[in-house]
Structures are given as structure tokens and as C-alpha cells.
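Below: one structure, written as C-alpha cells.
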Amino acid sequence: MTTPISDVQVTIEAPRALVFEMAGAVGGTLPGGPPHHAELISRDGDLLVVRYSAPPPFRLFGFLEEVRLSRPSRIDYRVLKGPLDRVEEWLLLDEASARRTLVTYGGLVESRIPVIGSLVERLVAAPAYRWYMRRTLAALKVAAERRASRSRRYAAAPTD
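Structure below.
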């Protein structure tokens, strides 16, 4: 059985190109975001393989993920190796205006463990992903808006 990870949305007062650049970056954590470690394993253009790990005591839940960057509107994640049989996630970046971006996170999880697999999906995995991404997107919002406010590259167009 496959369980959807219901959408998490945030509106960010920053240009889509800036939000994409920050969301697609590998390494480091956003201030206020959930702690994790990301290591770039390989890169072939816009296709990355990244190893993600959580801090103790959750370190045993590491993931090897394929990340596809579809500039400027989408980032797809597919777990290659992790505790679940299937995890697919995506970030959609919609340009609400020249300086406003709507970011939508969604995904699906699947565990093929007989009987308890669907319970793990619905009661543990999907809620955990939603919680993690709410924190991540809230931190992305703060960081991107702060950066946009002081950026020359992403400065607001002059008004007449």
C-alpha cells in the first residue's frame, strides 16, 4: 500500500530563483530547521545523489537519495536506500509574483512489511515527513526572505 504525504505549503516573500537556489543547495542546515547532515555523493548535471543522516538518536535512519533539480520550478527526491521500501517527494515552486514564491511539498511513502506496513506508513512515516518539512519550509521562508531583503542579485526591480 502507498500512503500520500499530504501537501505542506508556504508562501515566501522572495523571488522563485532565489528560493530554488536555497532549496536545492546540499550541505549545512537552515537556522531554525531540523538538524541533519547532507553529503553530496555524485552529481551529473541536475541529477544528484545525496546521503542524508539525522543526528543521534535518530542516526540509524539514514537515506541515500536521488535528487533531480528541474530549474526553476521543481525538485524531486527519490530514496534509493532507507528504512522504507519507497519514498518519493517533491517541492513545487510557483511564482506568485516577481518577489513571491509559493512552495508546495508533497510525497508518498510505502512499506511492504506484511500487516504493519500500512500502519507504519500512515501513523509514523507520513506524519514524520510532514512534521520535518513544516519545520524545513518555515526555516527556508525565514532564510530566503532575509537573504532577499539584502541581496543585490535578487533586488526588487525599481518602480517609477
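In this text, residue positions in the sequence shown follow the numbering used here: the first is 3, and each later residue adds one.
The beta carbon of each residue, even a glycine, is placed where N, CA and C say it ideally should be.
{"query": "Please classify Leu-95: does DSSP put it in a helix, a strand, or coil?", "result": "strand"}
{"query": "Rounded to whole angstroms, what's the CA-CA distance from Met-3 to Ser-151? Just pull it up for me.", "result": "45 Å"}
{"query": "Quick check: the region 95–102 against the region 16–30, are at least 3 beta-carbon pairs closer than 8 Å?", "result": "yes"}
{"query": "Which one of Gly-84, Val-69, Tyr-134 and Ser-113 has the shortest CA to CA distance from Asp-48?", "result": "Val-69"}
{"query": "Is it true that the CB of Ala-25 sits closer than 9 Å to the CB of Leu-95?", "result": "yes"}
{"query": "If we ignore side chains and look at the alpha-carbon of each, how far apart do Thr-138 and Ser-75 end up?", "result": "18 Å"}
{"query": "Let me know if Ser-113 comes out buried or exposed under the rule of 16 or more other beta-carbons within 10 Å of its beta-carbon.", "result": "buried"}
{"query": "Does DSSP classify Thr-31 as helix, strand or coil?", "result": "coil"}
{"query": "List the endpoints of the continuous alpha helix (DSSP H) containing Arg-152.", "result": "128–152"}
{"query": "Pick out whichever of Ala-127, Gly-108, Ser-153 and Leu-125 has its Cα sitting closest to the Cα of Ser-8.", "result": "Gly-108"}
{"query": "To the nearest angstrom, how far is the alpha carbon of Val-111 from that of Leu-82?", "result": "13 Å"}
{"query": "Within a Cβ cutoff of 6 Å, which residues of the same chain sit near Thr-106, ignoring the five residues on either side of it in sequence?", "result": "Asp-9, Gln-11 and Leu-94"}
{"query": "Extract the residue ranges of the beta strand (DSSP E) inside the region 68–123, only unbroken runs of 3 or more that lie entirely within it.", "result": "76–83, 88–99 and 102–112"}
{"query": "Does the Cβ of Glu-67 have 16 or more other Cβ atoms within 10 Å, making it buried, or fewer, making it exposed?", "result": "buried"}
{"query": "Give a yes or no on whether the C-beta atoms belonging to Ala-146 and Leu-86 are separated by under 9 Å.", "result": "no"}
{"query": "Which stretch, first to last residue, makes up the alpha helix (DSSP H) that contains Leu-20?", "result": "18–25"}
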